[in-house]
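Reviewing the structure listed below.
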Amino acid sequence: MSDRTAAGGAPRPWSPARLLARFGTVIALVLLLIFNFAVTPNFATWQTLNVNLTQVCTIVIVAVGMTLVIATGGIDLSVGSLMAISGAIAPMIFMGKIVQIGNIYAAVTLAILAGIVATTLLGAFNGWLIARFRIQPIVATLVLFIAGRGIAQVMTNGNLQVFRVPEFQVIGLGRIAGLPVQVIVMLVIVAIATWVLRRTNFGRSVLAIGGNERAARLSGIATDRIKIAVYAISGLLAGFAGLVVIAINSAADANLVGLGMELDAIAAVAVGGTLLLGGRATILGTLAGALTIQLVRYTLLANGVPDAAALVVKAAIIILAVWVQERGRTA
Amino acid sequence: MTRRIDWGQLLANYGVVLALALVIVFGWLRYDNFLGAFNILSVLRYNAMFALVSLGMCFVIMTGGIDLSVGSTAALGSVCAAYGSPYGLVPGLLAGVGAGLAVGVLNGLVVTRLHIMPFIATLASMLAASGMALLLAGNQSISVSYDTAFTELGQGNLLGFPIPAWIAIAAYGAGSLVLNLTGTGRTVLAIGGNEDAAHMMGLPVRGVTFLTYLASGGCAGLAGVVLAAELGAGQPIEGVGWELFAIAAVVVGGTLLTGGAGSVVTTLAGVLLLGVLFTILNFENGKGWISLSAYWQSVIRGAFLLVVVLLQARLTARAGQRRKGADPASAA
C-alpha cells in the first residue's frame, strides 16, 4: 500500500503509532481471519468465501469510485441513488418495456450500456456542479441523493421489476473457475484503479487537487476537467454495482437498490486509510477496509450476535480506525 | 462612502422567506382550502419534528461541522420515549431527550477530544444509535401508553395550535435568542468563520463546539419524542434520511455549509418551504389535471435544492467579485 503521495521532506523514522496507522487495517484483517479459523464453525469453506465476497463486492466497486472522489477532497452522496437508477433502467430495456429487441444478447448489452451511461452522465453532472459553480460536493451530490431515487421510483412507478434473464444475470450469478463473475470484475476494477492512481498523470492530478487545489490549478492541471471525470467514474462504478445487485436479486426494487450504500462506501474508504480531506488515497486500503467491515459483521453474525449489535460494533471500528490513523499522522 | 442596500446580499439571506411567501400565495390562489385551518395545522404538526432536527443541524453547520446522526438519534429517542411513556408525560419526554443528549455527548467528545472529522464521527454514531434503537426495541415498534398524557405531546392542541408546533416554535425562539444575543452564539459563528482565529482570540472553541453537538442530539431526541407521541409508537427504523432532509432545509435556508454564517429563522423557512412543496403536490393531484405519484416528491425537492444552491453560488460569486481580491475558490 504505497500509493500515497510523499508528504515531502526527509522520510520520518518509523514509530509504532505510524506503523499501526499504516498497516492497522491489514493487521485487523489478519487477526479476524485467524480468529474465525479458530472459532467460527465451517469458516474455512469455499462457500463462506463466496458468500462474503459476493456481499462485499458491490461495496468495494462503489468504494473504489468513492476513494477517487475523496482523494480530490470531495464526497459523493449520490451513489446509492445512482445504483437505483441503473437498476431501474436496465430491466426496462431487456424486458422490452421501451423498445422490443429481438436478439436477447443485443437487448442485454444495450440495457447494461444504457444503465451505466445514464449514471456516468449523472455523475458528470455532479462534477459539473462542483467544478463549474464551486458548489460544495456534499451539497451538490445531495441533490441527486434526494432526486435520484425519486427518478428511479417514478420510472418504475415504485413497482418491483421481476425477471429471469440468465444472459443478463451472469454478472451477478455467473461463475468463472468457481469464482463469482462480479468478484473477478471487482478485482479487475481494483487493479485498474490502483494502477491509475499510482502510475498515471490522471492519478497524480487527482491527488494534487486533493492536496492543494489552487496549487494544482496554478501548476497547469485542468482541475475542473479532472473533477468532472472523477465524479463521472464514481457514477459509472455505482451504475455497474446497481446492475450487479439486481442481477443477484433477479428483481429490481427502486426503493431498496443501493439504499445506504454511500455510507458503507465512505466507511470502507475511511477504515482503509484514505485521508478524508483529500490528497492521500489508497485503493488497496479501501479493499482491506471493506473486507474488514464485512468480516467483522460476518464474524458477529456467525457467532450468534444480533445484526443490531453488529451495527454498534461497526461504528466503534470506524471511529477506532480513523483515530489510529489520525494519531499516526501526528506522531 | 454612501450606504447602499445590497439587494443581492439581501436576496441571498432572505430569498427563502420570499420563496416561501410566493409558494403560499400560489397555493392560496390556485387551490380551495389551501389556507384552511386544517391544512395549515396538519402541515405544522407533520413538519415539527423535521424543524427540530434542522434546528440542531443548523447550529452544528454554523460551526463548520455536520451531524449525520440526527435521524437515527430521533429513532432512538422515540423508542426510549415509548418506554418512558407509561410513567407519564414528563418521564417519556425526559427519556427521549436524554437518549438524544447521550448521543450528542458522544458526538461532541469524539469530535472535540479525538479530533475526528464530524462527518465520520457522526456517521459512526448514526450506525451506533440505529443499532441501539433496534436492540432496545427488539427489532419492532414499541407501543406508546395511552393511559398517560404522553400522546398529547404529538396529538394534542394548545390554544388551537398543535403541541408539536408549539415545541418547535419554543425551540426556534430559544435558538434564535442564543445565536443573536449571547456570547455562545457569536462564538458559534466565529468558529465556523475561522476556527484557528477563534481559538487564538481565546474563545472557548472546544466547549462551544461540544455544545452544538449536544444541542443537535437534544433536538433530535425531542423530535423522537414528538414522533413517538404522534404515531403512538416508538419506531426504531424511522428517521432514515432525516439528516439529509435537515441538511437540505438548512442549505435552502441560506446557511453556508462552510460555517461562519447562518440564521435560525431562515432555516425554519427552509423546512416549511420543503414541507409546503409536498402539500402543493397533493393539492395539485386533487385538482385532477395531472396525477403525480408521491415519488415525484423527492424529484421536486431535489430539483428545488438544485435551483437554490445554483442561485446561492451565483450570488456568492457576485458578492465575492465586488469585494475585490476575494477568491471564491479559496474558501473551498
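Protein sequences appear in the order of chains G and P.
FYI, the numbering for the first sequence is 36 to 366, going by my numbering.
FYI, the numbering for the second sequence is 34 to 365, going by my numbering.
Built from N, CA and C at the ideal position, the CB exists for glycine as well.
**Q.** Proximal residues, the segment 238-257 of chain G versus chain P, C-beta separation under 9 angstroms
**A.** GLU248, ARG249, ARG252
Q | Local Cβ density within 10 Å of P/GLY358, reported as buried at 16 or more and exposed below that | A | At P/GLY358 the pLDDT is 44, less than 50, meaning the model places this residue with poor confidence and gives no usable figure here.
Q: Whole angstroms is fine: what's the gap from P/LEU260's alpha carbon to P/ASN315's?
A: 22 angstroms
Q. What do you get for P/GLY69, buried or exposed, if any count of 16 or more other CB atoms within 10 angstroms of its CB means buried?
A. exposed
Q. Given that a residue counts as buried once 16 or more other Cβ atoms are within 10 Å of its Cβ, and exposed if not, what is G/GLN204?
A. buried
**Q.** Residues from the segment 179-206 of chain G in contact with chain P, defined by Cβ distance under 8 angstroms
**A.** LEU179, PHE180, ILE181, ALA182, GLY183, ARG184, GLY185, ILE186, GLN188, VAL189, ASN192, GLY193
Q: Determine the DSSP secondary structure at P/ASN190, reduced to helix, strand or coil.
A: strand
Q: Return the CA-CA distance between G/LEU242 and P/LEU167, expressed in angstroms with no decimal places.
A: 40 angstroms
Q. What residues from chain G crowd round P/TRP275, counting only those whose CB sits closer than 9 angstroms?
A. None at all; the shortest Cβ gap to chain G is about 12 angstroms.
Q.
Is P/SER326 close to chain G? Criterion is C-beta to C-beta, closer than 8 angstroms.
A. yes
Q. With distances taken between CB atoms, is the gap from P/THR106 to P/VAL136 smaller than 8 angstroms?
A. yes
(Q) At 4 residues or longer, what runs of the alpha helix (DSSP H) sit wholly inside the segment 209-245 of chain G? (A) 216-234
Q: Indicate the three-state DSSP secondary structure (helix, strand or coil) for G/SER37 in the structure shown.
A: Its pLDDT being 42, under 50, G/SER37 is placed unreliably in this model, and the coordinates cannot settle the point.
Q. Does G/ALA325 come within less than 8 angstroms of chain P when only Cβ atoms are used?
A. no
Q.
Does any residue of chain G have a CB that is nearer than 8 angstroms to the CB of P/ILE152?
A. The amino acid at residue 152 of chain P is misidentified as Ile; the sequence shows Phe. P/PHE152 counts as touching chain G.
**Q.** Euclidean distance between Cα positions of G/SER37 and G/THR317
**A.** In this prediction, G/SER37 has a pLDDT of 42, which is less than 50 and means its spatial position is unreliable; what the coordinates show is noted afterwards. Rounded to whole angstroms, G/SER37 to G/THR317 spans 8 angstroms at the Cα level.
Q. Closest by CA to P/GLU276, which one among G/ILE173, G/MET190, G/LEU195?
A. G/ILE173
Q. Taking 8 angstroms as the CB-CB limit, is G/ALA343 close to chain P?
A. yes
Q. Quick one: is P/ASN315 near chain G, going by C-beta distance under 8 angstroms?
A. no
Q) If we ignore side chains and look at the alpha-carbon of each, how far apart do G/ALA257 and G/ALA251 end up? A) 8 angstroms
Q: Would you kindly work out how many angstroms separate the C-alpha atoms of G/MET101 and G/LEU298, rounded to a whole number?
A: 10 angstroms
Q. Counting only beta-carbon atoms, is P/GLN268 nearer than 8 angstroms to chain G?
A. no
Q) Thinking C-alpha only, which one of G/ASN192, G/THR75, G/LEU322, G/ALA98 is nearest G/GLY293? A) G/ALA98
(Q) Taking only three categories from DSSP, how would you classify P/SER18? (A) No information on residue 18 of chain P is available, as it lies outside the stretch 34 to 365 that chain P covers here.
**Q.** Integer Cβ distance of G/VAL280 from G/ILE105, believed to fall under 8 angstroms
**A.** 22 angstroms between Cβ atoms; not a contact.
Q.
My output table needs one value for G/GLN196: the three-state DSSP class, helix, strand or coil.
A. strand
Q: Please confirm whether P/ASP100 and P/ASN140 have their CB atoms less than 8 angstroms apart.
A: yes
Q.
With a threshold of 8 angstroms between beta carbons, is P/HIS232 in contact with chain G?
A. no
Q) Cβ of P/VAL284 within 8 angstroms of Cβ of P/VAL341? A) yes
Q) Who are the Cβ neighbours of P/ALA365 in its own chain at under 7 angstroms, not counting the five residues just before and after it? A) Caution is warranted here: a pLDDT of 35 is assigned to P/ALA365, below 50, making its placement in the model unreliable, and no coordinate value can be reported.
Q: Would you decide whether P/SER363 is buried or exposed? Buried here means 16 or more other CB atoms lie within 10 Å of its CB.
A: Unreliable placement is indicated for P/SER363, whose pLDDT of 40 sits below 50; the coordinate value is still reported in the next sentence. That one is exposed.
Q: Could you have a look at P/GLY267 and say whether DSSP puts it in helix, strand or coil?
A: strand
Q) Since P/PRO119 is in the alpha helix (DSSP H), which residue starts that stretch and which ends it? A) Run containing P/PRO119: none; DSSP gives neither H nor E here.
Q) Between P/MET95 and P/LEU210, which are expected to be in contact by the criterion C-beta below 8 angstroms, what is the C-beta distance as a whole number of angstroms? A) P/MET95 to P/LEU210, Cβ: 15 angstroms. No contact.
Q) For P/PRO151, does the three-state DSSP call read helix, strand or coil? A) helix
**Q.** Where G/ALA325 falls: helix, strand or coil (DSSP)
**A.** helix
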